[in-house]
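Novice: Its first residue numbered 8, the sequence shown is counted upward by one per residue in the numbering used here. Idealized CB from N, CA, C, for every residue including glycine. Structure in structure tokens, see below.
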Amino acid sequence: MDEADVFIPLSYEDLQRKIQAIFRHESQKDTAMFPGAYDDREFWERVQDRNTHTARRLDKLGFPQYYAMEAFVLERGGS
8 MDEADVFIPL SYEDLQRKIQ AIFRHESQKD TAMFPGAYDD REFWERVQDR
58 NTHTARRLDK LGFPQYYAME AFVLERGGS
């Protein structure tokens, strides 16, 4: 979150729509391709937890309160 350039607020409905899109995308439906160490959650569970946790952290920093928040890092140009 410290490196994020853009935050996109998500309502409960937005997050549910995102999870449904994950279910429709066969390669992301179950386990994450690169789950990291010791994380047995399904990909959609990780997305839900990450996005709601990001929103709670930003709320504690004084940002407007949202159900969930997607964080993006913008691509940096070379040299």
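Helix, strand or coil for residue 20? Go by DSSP, reduced to three states.
Specialist: Helix.
Novice: From residue 46 to residue 52, what distance separates their C-alpha atoms?
Specialist: Near 11 Å, if we compare the C-alpha coordinates of residue 52 and residue 46.
Novice: Does the beta-carbon distance from residue 8 to residue 61 come in below 8 Å?
Specialist: Contact: yes.
Novice: For the beta strand (DSSP E) holding residue 78, just list the boundary residues, first then last.
Specialist: 75-79 is the extent of the beta strand (DSSP E) around residue 78.
Novice: Could you pull out every residue in the same chain whose Cβ sits closer than 6 Å to the Cβ of residue 15, ignoring the five residues on either side in sequence?
Specialist: 77, listed in sequence order.
Novice: Can you have a look at residue 73 and say buried or exposed, based on whether 16 or more other CB atoms are within 10 angstroms of its CB?
Specialist: Its Cβ being crowded by 16 or more others within 10 Å, residue 73 is buried.
Novice: Taking the C-alpha atoms as reference points, what is the distance between residue 22 and residue 63?
Specialist: So the alpha carbons of these two residues sit roughly 15 Å apart.
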